[in-house]
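Chains as they are written, first to last, in the working numbering: chain X, 69 to 446; chain U, 112 to 471. Backbone N, C-alpha and C fix where the C-beta goes; we use that ideal spot for every residue, glycine too. Heads up: the structure comes next, in C-alpha cells.
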C-alpha cells in the first residue's frame, strides 16, 4: 500500500503456518512425480508408495512415543481434532473441552452438545472447574498442550489425573499442534489417549496431519469408504504429504533443543526492545506460563486490525485473534475466556517465531514496531 | 484532519476504496486504479454470520476480494460489526419502538462509512477514501472547498443518503462513479471483466434479510423490540376505524392497509407508540405548512433563516422549494406533505446538497 518497497519481509506469524523445511520439500517431491502409486494397490508402483507410507508412519510413531499402528494420518490438524472429539463423544454432555481450545476442538465439542471448561486469568484450564464438570457420562476430554494465541502451556498431566479419578472411562485428547516444534510431545502426552498434530506448523506441507490413537481407544470414523488407516480414516493416502510431514518432524525433533534456545533469545530481545521503546504495551500472559515462540501483546490506544496493516506495510507479518468466514478479525475467544473485555482483546497482536527466524527479522520488527504504533496513536 | 481538498485529476492519491462487493464500488476502484492512483481496497464487515445473504455477507466479501484480485490491488476486511450494531441497528430498532421511521443507510454513512472507515483510512496514511455512490464532489467552490452535487444518472442519484456529509469529510472523499450513468458503470465493469458486472443492485435495508413486503422487517424488529397492536383513529371524527398488527411498523404518510374513509383513501398522519394509536385521515389532512428538523448539518457554512432551498424527504422523492426557519423548513407555494419523524430531509440549492436534517 503506502511507503517504500518491502525489500525484506520479517515473517513473525509462525503460529499460523511455517515455511516448508528443505528436508520436507525434498522428501515429498518424488511422490508428486515418479512415485505416484496408490499405497492401497498390489503392484510394484503401489508397493513403492506403501513402503514410503509405512516408513513415514514408523518415523512419526517413534517421535510421538507411539507404535506405528497407533498413528492415523489425516488431512490436517482440524481433521485430527474433529476425529478425536466427534469420534469419541456420544451425544449431549459426553464431551468436555477447555474454553481456549482451537475452534477445531471447541466447535466440534459444541456441535455434539459438549461443555466448555473455564480457564483462569492466566489462560490455564481451571482444574477445579474440570473436576466439577466431570461425571460418568463424559466420554472425551480435550485440553490442548500449547495455546495457539497466547502460547500458554496447559497442565496436561494434571488434566489426565483429574479425568482418571473422576471419569475413569473417559478418553483424554490433546491438541499438540502448536507444541510439537518446541516441546517433547512424546513425553508430555504419554498418558493421553489421543494426540493431534499438523504438519505445516513445523515445516511440513499444509493439508496433512496425524492423530495418535493409543491402543484400545475406540473411535467412530468420520470418513468412511475404504480400509485405509485401519478403517479409522478412509481415503487414498496423501503419500507425498505424509512423507514430507515425517521428514519435517524428524528435522524438528533433531533441532528442537537448539531451536528452543535460539527462539528464547530472539523473543526475549524482541519483547525487551518493544517494551523499552513503546509505552503502553503489555504481555497478555506470564512468560513462565508460555512457550517462547508466541508473544501476545496488548497495545493501548491502537486497534490490532490497524496495527497489523501498518506492520504489513512496513514489512512485518503478524496476526491477531482469528478470522471469521469473511476474513474479518473477531476478538480472540482465548483472550475473552481469560476475562478480557472485547475492547481490550481487539488491541492484542500476536508475534510468533519459528526455528528459521533470524536476528535480522527481530531487528526489522524492532525498527518498525514503535513507528507503526506511533503513527496510529498520533 | 481538514486539509486541502483531494483532487484526483491533479495528482496521485493514496486512496482506500470501500469495496462492498457490488458493481458501483468495483468500478470506482477500477477507475481510480486506471487513473494511476495508489489504491487499496477494504470491505467493511458490518453484519451477518457465515450464511447471511444481506449486504457484507460472506458472498459479498468474496466478490469484493475477487474484484480486487482482478484489479491487482490489495484487499482488507474491517470488522466494524460492533459499531454497526451500536450506531445503526440498535438506534433503528429503538426509533421503530417510538413509532418513528429511521433511515439506517444514512446513519451507516454518517457513523461508519464516512467516520469510522474514513478515520481509519487517515490513521493508516491514506489521503482519501472512495465509495461507489452515485453523487459528485466538485472542488470549484470558494477557496477550492468541495461541493456535493447530484450524480449524473438522475434515476440512480444517491446524494440524498450523503446529505449529512460536510466539507470536513468531503475533502477526503472521492466518488468516481458519480460522473457515470448506471449503464455506463455496468458497461465499464463488463469491459474490465469484473465479476460483479451483472450483479443486481442491492435493495432495502441490508441487515433486514431480503424478502418481499413487510415480513422481513417485522421479523427482524420482533427480535429486537416488542411489537404492539394499535388502533386506527380517524382524524376528523375521533372514531376508531380499524386496527394494525404492530404500531411500530406504521409510517407517517403510509396509505396501504388502512382501508377507505368517506372522503377517499386514508393516510397515516401520526403514530403514537406510547398509546398504540395511529391517527389517520385524508390526503388533505396529511398536508402541513412546515417540517421541524433536528440533527441539522450544513455541508459548508449554515444558511441563514429565510433562505430558499429545495427539500427532499426520501431517496428519490420530489424536491420541494422551502424556506429555512429557526426550527426547520416551511413549504413555499402552499402546504406539503408531512414527513415521517426520523426521516432525513436533504436540502439542495439546485443540484447541490447544502445540508440535511431529521424530521421531528
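Assign residue i to one of two classes, buried (16 or more other C-beta atoms within 10 Å of its C-beta) or exposed (fewer than that).
i                      : result
residue 158 of chain U : buried
residue 396 of chain X : buried
residue 416 of chain U : exposed
residue 106 of chain X : exposed
residue 212 of chain U : buried
residue 171 of chain U : buried
residue 161 of chain U : Any answer about residue 161 of chain U is weak, because its pLDDT of 46 lies below 50 and its placement is not dependable; what the coordinates show is given next. Exposed, since its Cβ has fewer than 16 Cβ neighbours within 10 Å.
residue 250 of chain X : buried
residue 449 of chain U : buried
residue 414 of chain X : buried
residue 144 of chain X : buried
residue 367 of chain U : exposed
residue 198 of chain U : buried
residue 102 of chain X : exposed
If distances are taken between C-alpha atoms only, which option among the options comes closest to residue i?
i                      : options                       : result
residue 427 of chain X : X:335, X:139, X:149 and X:85  : X:335
residue 189 of chain U : U:210, U:296, U:153 and U:239 : U:153
residue 302 of chain U : U:318, U:141, U:212 and U:217 : U:141
residue 245 of chain X : X:137, X:229 and X:211        : X:211
residue 471 of chain U : U:465, U:443, U:456 and U:464 : U:456
residue 287 of chain U : U:211, U:128, U:278 and U:206 : U:128
residue 381 of chain U : U:348, U:334 and U:364        : U:364
residue 168 of chain U : U:282, U:423, U:319 and U:427 : U:319
residue 243 of chain X : X:208, X:190, X:235 and X:87  : X:208
residue 92 of chain X  : X:357, X:410, X:314 and X:159 : X:314
residue 206 of chain X : X:227, X:187 and X:236        : X:236
residue 239 of chain X : X:287, X:273 and X:254        : X:287
residue 208 of chain U : U:386, U:462 and U:235        : U:386
residue 222 of chain X : X:204, X:202 and X:256        : X:256
Would residue i pass as a contact of residue j if the rule is Cβ separation under 8 Å?
i                      : j                      : result
residue 172 of chain X : residue 262 of chain X : no
residue 372 of chain X : residue 417 of chain X : yes
residue 310 of chain U : residue 464 of chain U : no
residue 225 of chain U : residue 276 of chain U : yes
residue 80 of chain X  : residue 386 of chain X : yes
residue 443 of chain U : residue 410 of chain U : no
residue 399 of chain U : residue 341 of chain U : no
residue 270 of chain X : residue 218 of chain X : no
residue 213 of chain X : residue 224 of chain X : yes
residue 163 of chain X : residue 157 of chain X : yes
residue 357 of chain X : residue 185 of chain X : no
What are the start and end residues of the beta strand (DSSP E) that includes residue i?
i                      : result
residue 320 of chain X : From DSSP, residue 320 of chain X is part of no beta strand (DSSP E) but of the alpha helix (DSSP H) over 307–345.
residue 154 of chain U : 149–156
residue 463 of chain U : 463–470
residue 170 of chain U : Note, residue 170 of chain U: premise wrong, no beta strand (DSSP E); alpha helix (DSSP H) at 169–182.
residue 141 of chain X : 139–142
residue 189 of chain U : 186–190
residue 166 of chain X : 163–166
residue 459 of chain U : 455–460
residue 258 of chain U : 258–261
Is there a Cβ from chain X that is less than 8 Å from the Cβ of residue i?
i                      : result
residue 472 of chain U : Beyond the ends of chain U as shown, which are 112 and 471, falls residue 472 of chain U; an answer cannot be given.
residue 80 of chain U  : As shown, chain U starts at 112 and ends at 471. That puts residue 80 of chain U outside it, with no answer to give.
residue 187 of chain U : yes
residue 222 of chain U : no
residue 440 of chain U : no
residue 164 of chain U : Low confidence applies here, because residue 164 of chain U scores a pLDDT of 49, under 50, leaving its location unreliable and the question unanswered by this model.
residue 231 of chain U : yes
residue 172 of chain U : yes
Within the 8 Å Cβ cut-off, does residue i reach chain U?
i                      : result
residue 436 of chain X : no
residue 137 of chain X : no
residue 396 of chain X : yes
residue 378 of chain X : yes
residue 374 of chain X : yes
residue 121 of chain X : no
residue 195 of chain X : no
residue 444 of chain X : yes
residue 176 of chain X : no
Where do the ends of the alpha helix (DSSP H) carrying residue i lie?
i                      : result
residue 434 of chain X : 427–445
residue 145 of chain X : 145–156
residue 226 of chain X : 224–234
residue 409 of chain U : Counting along the chain, residue 409 of chain U falls outside any alpha helix (DSSP H), though it belongs to the beta strand (DSSP E) covering 401–409.
residue 515 of chain U : Here chain U covers residues 112 to 471 and nothing more, so residue 515 of chain U does not appear.
residue 130 of chain X : 112–132
residue 137 of chain U : 134–145
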